[in-house]
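For reference, the structure is listed below as C-alpha cells.
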Amino acid sequence: MGEKAVFDIHDITKVYRTGDVAVHALRGASARLYEGEISVMLGPSGSGKSTFLNILGGLDKATSGQVLFDGIDITEATDGQLTSFRRRNVGFVFQFYNLIPSLTARENVALVTEISTDPMKPEDALEIVGLGERINHFPAQLSGGEQQRVAIARAIAKNPRILLCDEPTGALDSKTGRLVLDALIDINTKLGTTTAIITHNAVIRKLAHRVFYFADGAIIRDEENSARLTVAELDW
Amino acid sequence: MRALDKKLIRDLKRLWAQGLAVALVLACGVATLILAIGSYRSLDGTRAAYYERYKFASIFATATRAPRTLTSQIKNLPGVLSVEARIMENVLLDIPGLAAPASGLLLSIPDHAQPRLNRPFLRSGRMPDPDRKNEALISEAFAKANGFATGSRFSGIANGKQVTFSVSGIALSPEFIYALGPGELVPDDRRFGIIWMREKTLEGVSDLDDAFNSVSVALLPQTTPAQTISGLDKLLQPYGGTGAYTRKDQISHAFLDSELKQLQAMARVIPPIFLLVSAFLINMILSRLITLEREQIGLLKALGYSSYNIASHYVKLVVAIAVVGVLIGFGAGTWLGNGLTRIYATFFHFPFLIFERNPDVYIIAAGLSIAAAIAGALKAVYSAASLPPATAMQPAPPTRYARAGITSRIAGKLFSQLSIMAFRHMVRWPLRTGFTVFGTSMAVALLITALFSFGSVNFMIDTVFFRTDRQDATITFANQLPPRSLHDVSGLPGVYFVEPFRTMAVDMERGSLSERVSIIGKLQSPRLSRILDLDLTPVTLAAQGLILSERLAEKLKVRSGDLVRIKLLEEGNAVVEVPVVQIIQAYIGLTAYMNLSYMDRLSRIGPRRSGAYLELDSGQLHPLYKAIKTTPLATSIAIQSESLQLFRDTIERNIVTMTTVYVVLAVIIAFGVVYNSARIQLSERARELASLRVLGFTQREVAQVLIVELGVAMLLAQPVGWALGSGFSWLVVQGFQSDLFRVPFVIERSAFGWSSLVVMIAAIFSGLIVVSRVYRLDLIRVLKTRE
C-alpha cells in the first residue's frame, strides 16, 4: 500500500496518577501507520491499546515521547489545537457506540458534519453503512449492530484522514460483527481512509495490512500481512 | 437547526418537570421584582403627576386669625413661588342614616377663582356657586361611602353654628390622598370627609372676615424650605401661628411615603431570595445532568467539539429554563402589579392612575434572573467543559463513602442499614444536602415573614385597644375649653366617667435636634387612656417632667433624666426646659405625655382641656349621639369599638392578600426544592435501589431510603427556617418603622407551626411524586444501564 506514514510514533509513555499510585499505561511504544492502510492492534486488556489509540486521536496526551501526524508533532499541542485536530482529521468508533440517545441516526451524524469543513451528507454516510432506511430512528430503536454502523457513519461523514476504532465489534455477536467489519473494509477500499482497529479478537488481524501486538504497555512486534482475507473468508 | 440544539430541546422536554419547578421559582423572583418596582413607580409617578397638576403645596401652616393682608408679605419671603391663604374649620356632621356623628374638614376656596395651591380635582358636578351659601364640594370617598351625589344635603355644627351643606360637586385633592379623621388609626370614609366651600361662606361660619387661619406655600425650584419656614413662623406668630411644616409632616404625604418605603424594602428583600434559591436549584440539576451525560460530553469532545461548544450547550439549556421563568414572571408580575396598584387606588384616593410600564424594569428583572441562573450553572458547566475527553469516556469512579467512626457503630445499632445508606449519602454530598435544607428553610422563612404580622397586629390591638386606650369613646372639642366644660360632657346621656386630656403643640429640642410634636396632658393615674412603660405596666405620671415614646427619645437622642427645651407653639413660642422622666412604648405617632396639672402650670393661658376620654353605657349610644350632634361642643367623637373594627378590617384585608401571595410563593419554593432534590437522588441511586429490590427488599423498604433522606433534610430545615424567618421578620419590622407607625416584633408560636406545616405538606406531596417512581423502577433496564 502507501509508503507515506500518516502517524510516526516514537517511544511514547503514559503515566496516570491516582493519589499516590502511578499507573504506567504505556512504557515506550513506537509505531508507524501508513496512508490508506488498515492496522489492527492486538493484545490482552490492560496492555495499553486504548491509551495508545486515545493519544493518536488527541483525546489524551503522552507523558513522554513523540507523535508525528503528517510530520507535525502533536505531543505538545494545546487543548484547543487538539480539539481542532480531532475536528479536522479524526473519526472515532467506540465499543459502546456512544451515540447521543436524544438524537436520531441522521442527527447523530449531523452532529459531526455541522462542524466539519468538507463533510458528506449525513444521508450518504448512512447509506454507505447500509442504514439509508433508518435515518430517523433514535438509538433506542436500533439494534447493537445498527447503532455501531451509525457510529461508523458518524466517524466517516467528515471524510477524516484517519479512522480510529476501539473494539468496534466488542459488544456485538459474530453475525452483526461481520456486518460492521464489512462496513469498515468497504470504507477503506472505497475512500482509502487510514484505519486503526483495536481488538481482542485475533481473527480480525487477517483483514489488516499491518498488525501490532501489544503487551505490558509496549508494542512487542509488528508484522505486514501480505495475504489479506475478506470478511466472508474469516473463520470467526 | 443544529443537531446539538436538537439535543437541547429534547433534553428540555425530558427535564420539563424539574425545569419548570426551577422556572417557577425564578418567575417568583421576577414577579416580585416587577411587582415591587412597578408598583413603586406607578404610585410614585401617579403621586408626582397629581401633585404637579393640582399644585400641591410644599409648606403648610396654621394660625388662629391672620389678616388677609399678610399674604403679600408671605409672598415676599425668600423662595416663595405662590401662596394660598384659606379658612380651615372642623365640623361635626350629622349624616342622614348614620347614628354616630361624623366629622369633616371645611376648607375655603376663593370666591371667583381656582385655588392657587392644593386644587381640588372635580370628579363630577361643578364648583360651588359663590352666590348660593350652602353649596359645597365634598370628597369622593366620603360621598361614595355615604351615597351622596350632586344635590344631596346634610348638616353639621362648625364653630358653634349649624351649617347645611348642599352638594354641588364631588372632588379629590392632592392634600388628602390618604384622609385620616381626627382620633382615627385608619381612614373611615363614612365618618370623615373633606368639604370645600366658597370663602365668603366660610368667613361667615368661622367669623374670619378678611382673615385666614391656614396657609399653604409653594416653593421656587431648588430652594430649601428652612428659610421660608422661619420667615413664615415669624410672620404668623402674632396671629397664633403654630409653626409651619413641610410635606414630610403632612399626614397624607407621610403615609404615602411610608408605603413607598415598604415597596422599596420589598424589592430589596424578597426577589433576591428567589434568585438565590433558583441558582442553587440550577446548580443541583445541572451538576446531576452533567454527571449523567459525562460520556456524551466525552464523545462530543472526541468528535471535535471544543470546551466552549460544550459550555455554551449547557448554558443554553439553563438560559432556556430561565427564559421560561422570566416570561412567566413578566406575566405574573404585571398582573399582580396592576392588582396592587388598583388596591392602592382604593386605599389612597387618586383621580387617575399612571401605570408605569417602563421596559427597564423588565430588562433588569430578566437580566438579573438569567444572570442568577448562569451563576448557578457556572460550576457545573465549568466541570463539564474541563472534563478531559479520554476520562469522560470512561464511567465515573464509584463514589467514596466514609464510615464515621464511633457514631457509625452507634448508628448501626439504632438504625437499619437502609437508613444508614440514607445518612451516608447525605454526609457524602454535604453541599447538596445543605442546599436542600437551605432552600426548604427559605420557604419556611418566607411564610414566617408573612404570618408573623398576624401576631404583631394581635399584640398591637391588645396593647392599644385593651391595655392602653380602654375608653369607649374620645370626644375632641372644637376649641380648647376651660375645665368646667367637662361638666357639660358628664351631663351627656349615658356617660359614666369622663377623663380629660389636653394637647399642646410644641417644638421639642435637644441640642441641634428638634421634633415638632404634640404633648398630651393626662391625669396622674389615668383609668381609661393609660400609658404603658416598656414592660407594658401602667405608668403613674410624675408631678413634673415629660414622658417620651421610645421612638421620639431615639430621634432626640435623650434618656431619662435629660432636659429638653420645649417651645410652646400656640403661646407665642414661649420656651421652657423640662426634664424627661420616663421612656415608654408607643406604636402610633411620635408621642409625648405630661401630667395635666403640670401642663396647665406651664401654659400661660392657664388650665384648658382639648377633649375627654369617655366610659359609656352602651345602651345609651343613640341618645348620646343625638345630644352631641346638637351641642356645639365637640368636632369629633371617635368610637373605640368602631375604630377597632375598622382597624382590624383594614389591616387584615391587607395582610390576608399579602399572606395568600406569600403562601403561594413559599409552596413554589418548597415544591421546587424538594421535587428537584428527590428527583436527583432517585436518578443517582436508581441502580442502587434497583439492586436492593433484586436482593429482595420490598418497594416500601426501598422507598424508605429516599424518604429518610428527605425527611431528615426537612427536619433540619425547620429550625433553620424559623431562625431565618425571625430574621426576615425583624428586617420587615425595621422597614415598617416610621414616625407614624411602629410594628411590635412579635412572632406567635402558631406562625412557626403553620409555616412548617405548609412547607411539610408541599414537601411530602412533591416527595411522594418522586417516591412513586420507586414503585415503577424497571429493574432490568436500570441494572443494564451503564452509569
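Chains L and S supply the protein sequences, listed in that same order. If you count the first sequence from 1, you need to add 1444 to reach the numbering used here. If you count the second sequence from 1, you need to add 48 to reach the numbering used here. Virtual Cβ for every residue (Gly too), placed ideally from N, Cα, C. The model shown is predicted, which means the values in this text are computed figures rather than measured ones.
Could you tell me which chain S residues have their CB closer than 9 Å to the CB of L/A1662, listed as they occur along the chain? Here residue 1662 of chain L refers to the residue found at position 218 of the first sequence. Correct list: empty, because the minimum Cβ distance to chain S is about 19 Å.
Return yes when the Cβ of S/A761 is within less than 9 Å of the Cβ of S/S725, no when it is not. If you number the second sequence from 1, residue 725 of chain S lands on position 677. If you number the second sequence from 1, residue 761 of chain S lands on position 713. In this structure, S/A761 lies closer than 9 Å to S/S725 by Cβ.
Beta carbon of S/F213, beta carbon of S/F224: below 9 Å? For the purposes of this step, residue 213 of chain S is taken as residue 165 along the second sequence, with counting starting at 1. For the purposes of this step, residue 224 of chain S is taken as residue 176 along the second sequence, with counting starting at 1. No, Cβ-Cβ distance for S/F213 and S/F224 is not below 9 Å.
CA nearest to the CA of S/L740, picked from S/L375, S/L758, S/Q693 and S/D826: Translated into the one-based positions of the second sequence, residue 740 of chain S becomes position 692. With distances taken between Cα atoms, S/L740 lies closest to S/D826.
Taking the alpha carbon of L/R1593 as the reference point, which residue from L/N1542, L/A1449, L/T1643 and L/S1494 has its own alpha carbon closest? Here residue 1593 of chain L refers to the residue found at position 149 of the first sequence. The option with the nearest alpha carbon to L/R1593 is L/N1542.
Between S/L669, S/A493 and S/E749, which has its C-alpha nearest S/S804's C-alpha? Residue numbering aside, residue 804 of chain S sits at position 756 when the second sequence is read from its first letter. The option with the nearest alpha carbon to S/S804 is S/A493.
Could you pull the start and end residues of the beta strand (DSSP E) that S/N261 belongs to? Position 213 of the second sequence, counting from 1, holds the residue named residue 261 of chain S. Segment A259 to L267, the beta strand (DSSP E) holding S/N261.
Alpha carbon of L/R1476 to alpha carbon of L/D1455, nearest angstrom: Counting from one through the first sequence, the residue named residue 1476 of chain L turns up at place 32. Counting from one through the first sequence, the residue named residue 1455 of chain L turns up at place 11. Roughly 11 Å separates the two Cα atoms.
Going by beta carbon distance, what residues of the same chain come within less than 6 Å of S/L529, once the five residues before and after it are set aside? Numbered from 1 along the second sequence, position 481 holds the residue referred to as residue 529 of chain S. Cβ within range, chain order: R657.
Could you tell me whether the Cβ of S/D826 comes closer than 9 Å to any Cβ of chain L? Here residue 826 of chain S refers to the residue found at position 778 when the second sequence is read from its first residue. Closer than 9 Å: no.
Just checking: is the beta-carbon of L/T1519 within a distance shorter than 9 Å of some beta-carbon in chain S? Within the first sequence, numbered from 1, the residue matching residue 1519 of chain L stands at position 75. No, L/T1519 does not count as interfacial toward chain S.
Less than 9 Å between CB atoms is the rule here; does S/Y88 satisfy it with respect to chain L? Counting from 1 along the second sequence, the entry for residue 88 of chain S is found at position 40. With 9 Å as the cut-off, S/Y88 does not count as an interface residue toward chain L.
Where the beta strand (DSSP E) through S/W244 begins and ends: Locating residue 244 of chain S in the second sequence gives position 196, where the first residue counts as 1. Note, S/W244: beta strand (DSSP E), F240 to R246.
Runs of alpha helix (DSSP H) lying entirely within the stretch 611-677 of chain S, each at least 4 residues, in chain order: 644-650
Nearest to S/N207 (by Cα), restricted to the options S/T249, S/F169, S/P126 and S/R239: Translated into positions along the second sequence, residue 207 of chain S becomes position 159. Considering only alpha carbons, the answer is S/T249.
Closer than 8 Å between beta carbons: that is the criterion. Which residues of the stretch 407-441 of chain S meet it against chain L? P436, P437, A438 and M441
Three Cβ pairs or more, each shorter than 8 Å: is that satisfied between the stretch 236-247 of chain S and the stretch 112-120 of chain S? no
Would you call the CB atoms of S/A254 and S/E137 closer than 9 Å? In the second sequence, the residue the question calls residue 254 of chain S occupies position 206. In the second sequence, the residue the question calls residue 137 of chain S occupies position 89. Looking at the sequence provided, one finds Ser at residue 254 of chain S rather than Ala. Taking 9 Å as the Cβ cut-off, S/S254 and S/E137 qualify as a contacting pair.
For L/V1511: DSSP bridge partner residues: Stepping through the first sequence from its first residue, residue 1511 of chain L is reached at position 67. Its beta-bridge partners are L/I1453.
List the residues of chain S that L/T1561 touches, going by C-beta distances under 8 Å, in chain order. Numbered from 1 along the first sequence, position 117 holds the residue referred to as residue 1561 of chain L. Residues of chain S passing the Cβ test: none, with the nearest at roughly 11 Å.
Which residues bound the beta strand (DSSP E) around S/S203? If you number the second sequence from 1, residue 203 of chain S lands on position 155. It spans R201 to A206 - the beta strand (DSSP E) in which S/S203 sits, taken as one unbroken run.
With contact counted as at least three CB pairs below 8 Å, one residue from each stretch, are the stretch 662-671 of chain S and the stretch 538-548 of chain S in contact? yes
At what residues does the beta strand (DSSP E) containing S/L129 begin and finish? Mapped onto the second sequence, residue 129 of chain S falls at position 81. Unbroken beta strand (DSSP E) run through S/L129: V128 to R134.
Cut-off 8 Å between Cβ atoms - residues of its own chain near S/T497, not counting five sequence neighbours on either side: Counting from 1 along the second sequence, the entry for residue 497 of chain S is found at position 449. The answer, listed in chain order, is Y710, G773, F776, S777 and V780.
CB-CB under 6 Å to L/L1678, same chain, minus the five flanking residues each way: which ones, in chain order? Taking the first sequence and counting its residues from 1, the one referred to as residue 1678 of chain L is at position 234. The beta carbon of L/L1678 is closer than 6 Å to those of V1647 in its chain, skipping five residues each way along the sequence.
Taking the alpha helix (DSSP H) that S/N724 belongs to, which residues open and close that run? As a working note, residue 724 of chain S is residue 676 in the second sequence. Q688 to V742 is the span of the alpha helix (DSSP H), which, as asked, contains S/N724.
For a cutoff of 9 Å on Cβ pairs, would you count S/Q752 as touching chain L? As a first step, residue 752 of chain S must be located in the second sequence, where it is residue number 704. By this cut-off, S/Q752 is not an interface position.
Just tell me which of S/T551, S/A148 and S/E757 has its CA closest to the CA of S/R476. Counting from one through the second sequence, the residue named residue 476 of chain S turns up at place 428. It is S/E757 whose Cα lies nearest to the Cα of S/R476.
Taking 9 Å as the cut-off, decide whether the C-beta atoms of S/I345 and S/A425 are in contact. The residue labelled residue 345 of chain S in the question sits at position 297 within the second sequence. The residue labelled residue 425 of chain S in the question sits at position 377 within the second sequence. Against a cut-off of 9 Å, the Cβ pair of S/A425 and S/I345 comes out as no contact.
Excluding the 5 residues flanking S/L600 on each side, which residues of the same chain have their C-beta closer than 7 Å to its C-beta? Within the second sequence, the letter at position 552 stands for residue 600 of chain S. The residues are E563, V565, L638, T639 and A640.
Residues bridged to S/E557 [DSSP beta-bridge criterion]: In the second sequence, the residue the question calls residue 557 of chain S occupies position 509. S/S562 and S/R613.
Quick check: the stretch 1619-1627 of chain L against the stretch 1560-1571 of chain L, are there 3 or more CB pairs under 8 Å? no
Residues of chain L with CB under 7 Å from S/A498, in chain order? By 1-based counting over the second sequence, the position of residue 498 of chain S is 450. None at all; the shortest Cβ gap to chain L is about 42 Å.
Between S/I454 and the rest of its own chain, which residues show a CB-CB distance below 7 Å, the 5 nearest in sequence each way excluded? Position 406 of the second sequence holds residue 454 of chain S. Caution applies to S/I454, whose pLDDT of 49 falls short of 50 and renders its modelled position unreliable; the value that the coordinates give is listed next. No residues qualify anywhere along the chain.
Where L/M1564 sits in the DSSP three-state scheme: Your numbering for residue 1564 of chain L matches position 120 in the first sequence. Correct three-state label for L/M1564: coil.
Spatial neighbours of S/R652 within its chain, please: CB distance less than 7 Å, with the 5 preceding and 5 following residues excluded, ordered by chain position. What you label residue 652 of chain S is simply residue 604 of the second sequence in a count that begins at 1. Cβ-Cβ distances below 7 Å link S/R652 to E619 and A622 in the same chain, with the five nearest sequence neighbours on each side left out; the list follows chain order.
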